[in-house]
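Undergrad:
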Amino acid sequence: MKIRSKINEKKRRTIRLCILISATVLAVLAMLFSFASRCIWGENVRTPKGENVSLFIPTHSDFQSVKDSINSVCYIIKPGFFEILAKKLDYVDHIKPGHYILKDGISNYQLVSMLRSGRQTPVKVVFNNIRTVEQLAGRISTQIEADSVSILNELKNDSCLKAEGFNQYNYASLFIPNTYEFYWNTDAKGFVKKMTHEYENFWNESRLEKAEHQNLTPLQVSVLASIVDKETTKISEMRTISGVYINRLKKRMPLQADPTLVFALGNFEIHRVLDVHKEIESPYNTYKYAGLPPGPICIPSIAAIDAVLNAEEHKYFYFCAKDDLSGSHVFAKSLDEHNANAAKYRKALNKQRIYK
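Numbered continuously in our numbering, the sequence shown closes out at residue 1428.
1) Between ILE1202 and ARG1211, is the Cβ-Cβ spacing less than 8 Å?
2) Mapping the DSSP letters down to three states, classify GLY1367 as helix, strand or coil.
3) Based on the DSSP output, what are the partners of VAL1197 in its beta bridges?
4) For THR1305, which residues in the same chain have their Cβ closer than 8 Å to its Cβ, ignoring the five residues on either side in sequence?
5) DSSP state of ARG1188, grouped into three classes?
6) Measure the C-alpha to C-alpha separation of ALA1376 and CYS1146 and round it to an integer number of angstroms.
7) Whose C-beta lies closer than 7 Å to the C-beta of ARG1279 among residues of the same chain, with five residues either side of it excluded?
8) Distance check for ASP1330 and LEU1288, CA to CA, integer angstroms please.
9) In angstroms with no decimal places, state the Cα-to-Cα distance between PHE1238 and ARG1418.
10) So, with DSSP's three-state summary, where would you put LEU1174?
11) Alpha carbon to alpha carbon, how far is ALA1415 from THR1332?
12) Starting from TYR1390, follow the alpha helix (DSSP H) in both directions and report where the run begins and ends.
13) Any idea which residues DSSP pairs GLU1115 with across the strands?
14) For GLN1136, is the classification buried or exposed, using 16 other Cβ atoms within 10 angstroms of its Cβ as the cut-off for buried?
15) Just how far apart, CA to CA, sit ASN1250 and GLY1315?
16) Could you tell me the boundaries of the alpha helix (DSSP H) in which VAL1402 lies?
17) What are the residues that DSSP puts in a beta bridge with SER1126?
18) Less than 8 Å between the CB atoms is what I'm expecting for PRO1326 and TYR1359, so what's the real figure, rounded?
19) Among PRO1366, VAL1293, ASN1319, which one has its Cα closest to the Cα of GLU1384?
20) Relative to the alpha-carbon of PHE1391, which residue among GLU1351, PHE1335, ILE1313 has its alpha-carbon at the smallest distance?
21) Can you tell me whether DSSP reads ILE1318 as helix, strand or coil?
22) Mark GLN1240 as exposed unless 16 or more other C-beta atoms lie within 10 angstroms of its C-beta, in which case mark it buried.
23) Would you report the Cα separation of TYR1317 and PRO1368, rounded to the nearest angstrom?
24) Does the region 1216-1235 come within contact of the region 1255-1263, defined as at least 3 CB pairs closer than 8 Å?
25) Is it a yes or a no for the region 1170-1178 touching the region 1148-1155, going by three-plus beta-carbon pairs under 8 Å?
26) Taking the C-alpha atoms as reference points, what is the distance between ILE1129 and ASN1143?
27) Kindly indicate which three-state DSSP category TYR1271 falls into: helix, strand or coil?
28) What number of angstroms, rounded off, separates the C-alpha of CYS1232 from the C-alpha of PRO1365?
29) Round the Cβ separation of HIS1401 and GLU1309 to the nearest angstrom and send it over; I've been treating them as touching at under 8 Å.
30) Just the C-alpha distance for ALA1158 and ASN1339, rounded to the nearest angstrom, thanks.
31) Which residues in the same chain have their Cβ closer than 7 Å to the Cβ of ILE1248, if we skip the five residues on either side of it in sequence?
32) Assign TYR1417 to one of three DSSP states: helix, strand, or coil.
33) Is the beta carbon of LEU1291 sitting closer than 8 Å to the one on MET1267?
34) Quick one: grab the DSSP three-state call for ILE1374.
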């Protein structure tokens, strides 16, 4: 009986040991599972004030650069977990540039999965009130990855643009001021291609017919619209001013547009165009040369373009700023009437001591 009792006791100890080992293994597995869950699904991103932040990953970034970029905009609670999962999912060797929105409290898996798949968020590219293509390129380079030099070079070297009649003087006509969606890592070629597509969409059949009715090409419309844009800030006057210039073009009269002289002089601080300014030798001097200048003097607004296309039909050939200095204009049919209006305006400028 004693021998049997000892055998039973040994079996019980073995069973208890097995249970203990099993429990330990299960505990370890549970801990490992918990660790893995926290590593993968646990919250690991804290953003300032809990608000969404933009993460920009430049082209050719390595993993260290990605980590530096992330740390510059938010706080990674357990960076080790992020690195483990990033390596496990092979993100380290598959980095995709772009603009990503990081939300407060997202997990490692959500973060790595988004970056690994390249699910970036487009950026809004906005431009308006731009005078030159160089200024435009600088503005765009602050909104997408392409730098200003590469944008300018792409414009000059795009064979399709040259085939459509674009050149160093009228590249500004390609750009229609508006708000556009781009992926942040768009390069210069991609930017110009997108703008070319938007330009073609803008010049639809209706606008092309209206341009033809005015006996102007789309490029010429843009040139005239740029002058209208710099003549007035009042949209209500744009069609009337457009009509004045259309009348002058039909009569082969010089446009005599002061804003073209300002552009030719390159001094955009001029408030008063003087007779001496009218002597400058430049294809943009519309006092010396009849017809349109070789290119726009700014990137014209949609309002100004449509004003030219829908120019008001009237018999005015002259206009001058009102002597109340309100920014509005007074229109005239004869030179004598115009000279009288101009004299009043000059007197008002002198009274305000505006001499240049």
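Where a beta carbon is used, it is the ideal one built from N, C-alpha and C, also for glycine.
TA: Let me spell this out:
1) Position 130 of the sequence shown, counted from the first residue, corresponds to residue 1202. Position 139 of the sequence shown, counted from the first residue, corresponds to residue 1211. Yes, these two residues count as a Cβ contact at 8 Å.
2) Residue mapping note: residue 1367 aligns to position 295 of the sequence shown, counting from 1. Correct three-state label for GLY1367: coil.
3) The sequence position of residue 1197 within the sequence shown is 125, counting from 1. In DSSP, VAL1197 forms a bridge with TYR1252.
4) Taking the sequence shown and counting its residues from 1, the one referred to as residue 1305 is at position 233. If we look at THR1305 and ignore the five residues flanking it on each side, its Cβ neighbours are GLY1399.
5) For this step, residue 1188 is matched to residue 116 along the sequence shown. Helix at ARG1188.
6) The residue given as residue 1376 occupies position 304 in the sequence shown. The residue given as residue 1146 occupies position 74 in the sequence shown. Rounded to the nearest angstrom, the two C-alpha atoms are 44 Å apart.
7) Within the sequence shown, the letter at position 207 stands for residue 1279. LEU1381, listed in sequence order.
8) Here residue 1288 refers to the residue found at position 216 when the sequence shown is read from its first residue. Here residue 1330 refers to the residue found at position 258 when the sequence shown is read from its first residue. So the alpha carbons of these two residues sit roughly 22 Å apart.
9) Counting from one through the sequence shown, the residue named residue 1238 turns up at place 166. Counting from one through the sequence shown, the residue named residue 1418 turns up at place 346. Cα-Cα distance, rounded: 39 Å.
10) The sequence position of residue 1174 within the sequence shown is 102, counting from 1. It is a strand residue.
11) The residue given as residue 1415 occupies position 343 in the sequence shown. The residue given as residue 1332 occupies position 260 in the sequence shown. THR1332 has its alpha-carbon roughly 21 Å from the corresponding atom of ALA1415.
12) The residue you call residue 1390 lines up with position 318 of the sequence shown. From DSSP, TYR1390 is part of no alpha helix (DSSP H) but of the beta strand (DSSP E) over 1390-1393.
13) Here residue 1115 is taken as the residue at index 43 of the sequence shown, counted from 1. The partner list for GLU1115 (beta bridge, DSSP) reads SER1179.
14) Position 64 of the sequence shown, counting from 1, holds the residue named residue 1136. GLN1136 comes out exposed.
15) Here residue 1250 is taken as the residue at index 178 of the sequence shown, counted from 1. Here residue 1315 is taken as the residue at index 243 of the sequence shown, counted from 1. Taking the CA atoms as reference points, ASN1250 sits about 25 Å from GLY1315.
16) Position 330 of the sequence shown, counting from 1, holds the residue named residue 1402. Run containing VAL1402: none in the alpha helix (DSSP H); it sits in the beta strand (DSSP E), 1401-1404.
17) Translated into the one-based positions of the sequence shown, residue 1126 becomes position 54. Answer by DSSP bridge pairing, in chain order: ILE1173.
18) Within the sequence shown, residue 1326 is the residue found at index 254, counting from 1. Within the sequence shown, residue 1359 is the residue found at index 287, counting from 1. That belief holds up - the Cβ atoms of PRO1326 and TYR1359 are roughly 6 Å apart, short of 8 Å.
19) The residue given as residue 1384 occupies position 312 in the sequence shown. Cα-wise, what sits closest to GLU1384 is ASN1319.
20) Along the sequence shown, one-based indexing puts residue 1391 at 319. Out of GLU1351, PHE1335, ILE1313, ILE1313 has the C-alpha closest to the C-alpha of PHE1391.
21) Indexing the sequence shown from 1 puts residue 1318 at position 246. Helix.
22) What you label residue 1240 is simply residue 168 of the sequence shown in a count that begins at 1. By the 10 Å Cβ count, GLN1240 comes out exposed.
23) Residue numbering aside, residue 1317 sits at position 245 when the sequence shown is read from its first letter. Residue numbering aside, residue 1368 sits at position 296 when the sequence shown is read from its first letter. Taking the straight line joining both Cα atoms gives about 15 Å.
24) Short answer: they touch.
25) no
26) For the purposes of this step, residue 1129 is taken as residue 57 along the sequence shown, with counting starting at 1. For the purposes of this step, residue 1143 is taken as residue 71 along the sequence shown, with counting starting at 1. Rounded to whole angstroms, ILE1129 to ASN1143 spans 12 Å at the Cα level.
27) Counting from 1 along the sequence shown, the entry for residue 1271 is found at position 199. Three-state result, TYR1271: helix.
28) Position 160 of the sequence shown, counting from 1, holds the residue named residue 1232. Position 293 of the sequence shown, counting from 1, holds the residue named residue 1365. Whole-angstrom Cα-Cα distance: 23 Å.
29) Position 329 of the sequence shown, counting from 1, holds the residue named residue 1401. Position 237 of the sequence shown, counting from 1, holds the residue named residue 1309. HIS1401 to GLU1309, Cβ: 6 Å. Contact.
30) Position 86 of the sequence shown holds residue 1158. Position 267 of the sequence shown holds residue 1339. Approximately 54 Å, taken between the alpha carbons.
31) Position 176 of the sequence shown holds residue 1248. Answer for ILE1248: GLU1270, TYR1271, PHE1274, ILE1374, listed in chain order.
32) If you number the sequence shown from 1, residue 1417 lands on position 345. Three-state DSSP puts TYR1417 in a helix.
33) Against the sequence shown, residue 1291 aligns to sequence position 219. Against the sequence shown, residue 1267 aligns to sequence position 195. No.
34) As a working note, residue 1374 is residue 302 in the sequence shown. Reduced to three states, the DSSP call for ILE1374 is helix.
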